[in-house]
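Beneath this line is the structure, given in structure tokens, with notes to follow.
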Amino acid sequence: MANGAPPEDPIQVYLVDDHAVVRTGMRAYLEQLDDMEVVGEARDGGPAVDELGRMAKAGQAPDVVVMDILMPGMDGIAATALIRERHPEIEVVALTSFVAQDKIQAALAAGAAGYVLKDAEADEVAAAIRGAHHGEVHISPAAVRELAKALRPAGSRRTVEPLTERERDVLALVARGASNKEIGQALFISERTARTHVSNILAKVGLRSRTQAALWAIREGLAAPEA
């Protein structure tokens, strides 16, 4: 590298899917990438949780698990919850064929750092893995649109108190998954001020959480979903 810094270690990836052809295809694609290495795989959640436990105990835990949602035995949502509870250093990206609010919400509630559809381009899967490894949340645009429908009943368009220009800036960063500290650094304000802005935005829009605010911003065209 030009600056003489050593290259980063490849992202260690573990695959969980009940279809061998999917695992084989994912492994073949990811191992072509210079920044990723597949270190293991399992056909359902139970064996995956067990093996990840052994790997973590040996100091060989992967960085990111790519997890199917519907599998025989332990499904991906239950496995994700166990992995995140026992090994918070391991991130999980859900990879599934299903675009349903309940599945998306359950996966994110279980601790998934991404929700990607199996018909997505391969580079979107790689982007989700990289994002998870760097503390970001990547949700496929189709899943974002499905989640956004849950924010308000169809046909209900509430009038909300207008947001200030600064609040719009803050909201755009919330939609990108930024923390209050990161918002403060980006806008040259204190973390406490960033927190106050987020609270004011939630009150004005009439929502309860940062995730809802982010989805609302995307739905209203105030922020774009991650590509």
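First residue of the sequence shown? That's 10 in the numbering used here, and the numbers climb one at a time after it.
All residues carry an ideal CB built from backbone N, CA and C; glycine is no exception.
- With respect to the C-alpha of Ala223, the residue from Arg201, Gly193 and Arg154 having the closest C-alpha is Arg154.
- Burial is judged here by how many other beta carbons sit within 10 angstroms of a residue's own beta carbon; Thr173 has fewer than 16 and is exposed.
- Under the three-state reduction of DSSP, Glu229 is assigned to coil, being neither helix nor strand.
- With respect to the 7 Å criterion, Val125 and Val101 are not classified as neighbours on the basis of their beta carbons.
- The alpha carbon of Ala184 has as its nearest neighbour, out of Gln194, Lys213 and Glu145, the alpha carbon of Glu145.
- With a cutoff of 7 Å on beta-carbon distance, Asp59 and Asp27 are scored as not near each other.
- Of the candidates Gly230, Ala232, Glu17 and Arg36, the residue whose Cα lies closest to the Cα of Ala131 is Arg36.
- In this structure, the straight-line span from the alpha carbon of Thr89 to that of Ile113 is close to 13 Å.
- The beta-carbon separation of Gly120 and Ala141, rounded to 11 Å, does not stay under the 8 Å limit for a contact.
- Beyond the five residues adjoining it in sequence on each side, Pro71 comes within less than 8 Å, by CB distance, of Gln21, Val22, Tyr23, Val48, Gly49, Leu61, Met64 and Ile99 in the same chain, given in chain order.
- The continuous beta strand (DSSP E) containing Ile20 extends over residues Ile20 to Val25.
- With a beta-carbon spacing of about 7 Å, Ala226 and Ala181 fall inside the 8 Å limit used to define contacts.
- No Cβ-Cβ contact shorter than 7 Å links Met76 with Val31.
- Apart from sequence neighbours up to five positions away, the residues of its chain that approach Pro81 with a beta-carbon distance below 7 Å are Asp27 and Asp53, ordered along the chain.
- Relative to the Cα of Gly230, the nearest Cα in the group Ala203, Ala103, Gly186 and Ala157 belongs to Ala157.
- In this structure, the beta-carbon distance from Ala135 to His147 does not fall below 7 Å.
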